[in-house]
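First the structure, in the form of structure tokens, and then the observations on it.
Residue numbers (this note's numbering), protein chains in the order written: chain A, 340 to 645; chain B, -11 to 175; chain C, 1338 to 1508.
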């Protein structure tokens, strides 16, 4: 990779970051409004999330030691770095480096930064929240990776942009949604777990452990955490769109797919209650993992969906 | 030359403050300290009938995250201590809204040995909402007043608390005795 | 009257020197005892099935110069309550703890000590503060405690320029 490629790649990555921020923050506000309408409320303005984030960034922030402050930066940096690698439509910042496993590893940097910072705040509820978040991660990673590995085996490539390109060959019929319907269901359940939406909201649980890892955050740090949250939603939903819904060629296609997935996840979340952490693990290790293994066996031995 | 820079700096600061006030006024996160009966009026104000979220307001879990502290009802000596802890934990700028007559002059508890009479002696109050209990309309009106106050700089309780800290602390000590309690529940 | 409550009242009457009995309601009776008999009576009633001490409270009889301790017992099997009452000297309010019979009385004794100033010998925990933090006056539930004066002394009162109390006389 020469200097020119690195420069253009970084530039594309930055553009993707700005797009991710503006797009996901707007969509979060719109989703709050949709949810409000479902509850017969008027709901906030669609740019409410921007107001919240900028308000938090203008507030003062107290620090609880350098581990706390550094952990926030590390988490935000890790997640932003991961977001730069995400293929959006036909743009990929670093072609050839958008391997599925890049996301798994880089995403962990962000999560660990967050865990470090939250535990550094010294509040026992933050410790409980982090423990639950990591436990839940163990729960959803296994079925998700089984499905993704089956997909990698079937298509013969691990690059996300190539996986998306394979699915664009023959319209909807070649999407993994049609080729691997069981795997898509598992992927969506795991997506709910990744997003921390309602049935798997164990690590936030505002009424139970006072918003878990975020319990001691306020002001600027909380603002950075909200930014991080928007970026991580962008990564997770884009990954789902790229892996199961055939990516996107045009802006319109991307927007329709992305909005569909995120709004559906939010509405599912509004209809359900919250699992306990042991129920989450028991649930993930029963149905999603069984379905994921079934899907993998179908792909490997029957060759369907390849 | 030097004065020019100071002037410019001042203007820049004022501009930044103006932008900040715009965001703060429309994104108020509440910490509900449900000390008394007025707390029962908050669910109506929050849910579909009056829908507080359209003003950008929402409940928050901890003092650190919140912008507005709602003192809903009478404050006993014991709860006043915890309100002071919570208020001092919040990150500035912070606002305090007092519900009902009890924080104003003691209300029906004016002669109680364990209930304080005036909240503004101990913490700066930005908005009072009158009524025993205030109707949800009055609650929404009070929040609108707070938003207007933030926009035209009259809701500056956190600055008053910072500037007159000794006076507030003196009043707190006079009524509460020791501010930090040392017993088996606070180890 | 409930037959369970009748039989247990009779049993207490037969065993102890009962000053007075009173029917509070259909499932509840009150028995006045001498202070010395209270512990034996509580132990006896606990063996009879009154496993729970629902409440321990105190009444201040200012004219009689006496404090009255009220132990409210509850029988979960029969659903009946029994009050055991005893009067103490108000000037020297001392009693012996019942935590060896009902361990749950710990917090009730702290409560009564804090609000009435009754001392429970044998329960060192009862001298610790429970509800009132840094209390600096006579116990507040005594009848000779002036709540208004304490409130005016301790908490600043809001001054009004206009007398609103006389404004609303309908004119």
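Where a beta carbon is used, it is the ideal one built from N, C-alpha and C, also for glycine.
The structure presented is a predicted model; accordingly, all values stated were derived computationally and were not measured.
Three-state secondary structure (DSSP) of residue i
i	result
residue 530 (chain A)	helix
residue 1438 (chain C)	coil
residue 1466 (chain C)	coil
residue 1378 (chain C)	helix
residue 169 (chain B)	coil
residue 519 (chain A)	coil
residue 498 (chain A)	strand
residue 47 (chain B)	strand
residue 391 (chain A)	helix
residue 1508 (chain C)	Its pLDDT being 46, under 50, residue 1508 (chain C) is placed unreliably by the model, and the measurement read from it follows with that caveat. Reduced to three states, the DSSP call for residue 1508 (chain C) is coil.
residue 1365 (chain C)	strand
residue 408 (chain A)	helix
residue 17 (chain B)	strand
residue 492 (chain A)	helix
residue 83 (chain B)	strand
residue 1355 (chain C)	strand
residue 543 (chain A)	coil
residue 589 (chain A)	coil
residue 111 (chain B)	coil
residue 1341 (chain C)	helix
residue 1475 (chain C)	coil
residue 386 (chain A)	coil
residue 1453 (chain C)	helix
residue 1496 (chain C)	coil
Same chain, Cβ closer than 6 angstroms to residue i, five either side skipped, listed in chain order
i	result
residue 1392 (chain C)	1409
residue 104 (chain B)	63 and 68
residue 1407 (chain C)	1394, 1420 and 1422
residue 34 (chain B)	40
residue 14 (chain B)	44
residue 538 (chain A)	611 and 614
Nearest to residue i (by Cα), restricted to the options the options
i	options	result
residue 725 (chain A)	A:436, A:481 and A:516	Chain A is shown only over 340 to 645; residue 725 (chain A) falls outside these bounds and no answer can be derived.
residue 134 (chain B)	B:-9, B:6 and B:12	B:12
residue 343 (chain A)	A:468, A:433 and A:610	A:433
residue 1364 (chain C)	C:1478, C:1343, C:1375 and C:1374	C:1343
residue 391 (chain A)	B:43, B:112 and B:39	B:43
residue 609 (chain A)	A:619, A:559, A:535 and A:419	A:535
residue 89 (chain B)	B:-2, B:53 and B:115	B:115
residue 1494 (chain C)	B:152, B:147, B:119 and B:94	B:94
residue 149 (chain B)	B:10, B:59, B:66 and B:113	B:113
residue 1462 (chain C)	C:1443, C:1453, C:1472 and C:1433	C:1443
residue 518 (chain A)	A:430, A:429, A:388 and A:634	A:634
residue 1497 (chain C)	B:106, B:124, B:155 and B:171	B:106
residue 1480 (chain C)	C:1468, C:1411, C:1396 and C:1449	C:1396
residue 1374 (chain C)	C:1366, C:1389, C:1466 and C:1351	C:1351
residue 153 (chain B)	B:171, B:111 and B:128	B:111
residue 130 (chain B)	B:85, B:142 and B:54	B:85
residue 472 (chain A)	A:404, A:450 and A:490	A:450
Cβ neighbours of residue i in the same chain (closer than 8 angstroms, five flanking residues each side left out)
i	result
residue 1428 (chain C)	1402
residue 557 (chain A)	398, 400 and 401
residue 1482 (chain C)	1474, 1475 and 1476
residue 580 (chain A)	586, 587, 593, 596, 597 and 600
residue 169 (chain B)	69
residue 52 (chain B)	77, 78 and 79
residue 382 (chain A)	371, 372, 373, 374, 375 and 376
residue 165 (chain B)	none
Nonlocal neighbours in the same chain, by C-beta distance under 7 angstroms from residue i, ignoring five residues either side
i	result
residue 363 (chain A)	569, 572 and 573
residue 547 (chain A)	none
residue 1508 (chain C)	Reliability of the predicted coordinates at residue 1508 (chain C) is poor, the pLDDT of 46 falling under 50, and no value is obtained from them.
residue 1525 (chain C)	The requested residue 1525 (chain C) is not part of the displayed model; chain C covers only 1338 to 1508.
residue 649 (chain A)	Any property of residue 649 (chain A) remains undetermined from this structure, which presents chain A solely from 340 to 645.
residue 396 (chain A)	559 and 562
Chain B contacts from the region 537 to 548 of chain A (Cβ-Cβ distance under 7 angstroms): Listed in sequence order: 545.
Which residues, in chain order, does the region 1479 to 1493 of chain C contribute to contact with chain B at a C-beta distance below 7 angstroms? Of all residues in the region 1479 to 1493 of chain C, 1484, 1485, 1487, 1488, 1491, 1492 and 1493 have a Cβ within less than 7 angstroms of some Cβ in chain B.
Can you check the region 1379 to 1441 of chain C for any beta strand (DSSP E) of at least 3 residues that lies completely inside it and give the ranges in chain order? Within the region 1379 to 1441 of chain C, the complete beta strand (DSSP E) segments at least 3 residues long are 1389 to 1398, 1403 to 1412, 1417 to 1426 and 1431 to 1433, listed from N- to C-terminus.
Using a Cβ-Cβ cut-off of less than 8 angstroms, give me the residues of the region 51 to 78 of chain B that come near chain C, in sequence order. Taking 8 angstroms as the Cβ-Cβ cut-off against chain C, the residues of the region 51 to 78 of chain B that qualify are 65, 66 and 69.
The region 376 to 392 of chain A: positions lying closer than 8 angstroms to chain B by Cβ: From the region 376 to 392 of chain A, only 378, 379, 380, 381, 382, 383, 384, 387, 390 and 391 have a Cβ closer than 8 angstroms to chain B.
Short of 9 angstroms Cβ to Cβ, which residues in the region 117 to 137 of chain B face chain C? Answer set for the region 117 to 137 of chain B: empty.
Check each residue of the region 157 to 170 of chain B: if its Cβ is closer than 9 angstroms to any Cβ of chain C, include it; give the result in chain order. For the region 157 to 170 of chain B, the set of residues with a beta-carbon nearer than 9 angstroms to any beta-carbon of chain C comprises 159, 162, 163, 164, 165, 166 and 169, in chain order.
Along the region 28 to 39 of chain B, where does the CB come closer than 7 angstroms to a CB of chain A? Name the residues. Within the region 28 to 39 of chain B, the residues whose Cβ lies closer than 7 angstroms to some Cβ of chain A are 36 and 39, listed in chain order.
Given a limit of 8 angstroms on CB to CB distance, which residues of the region 80 to 114 of chain B reach chain A? Correct list: 80 and 81.
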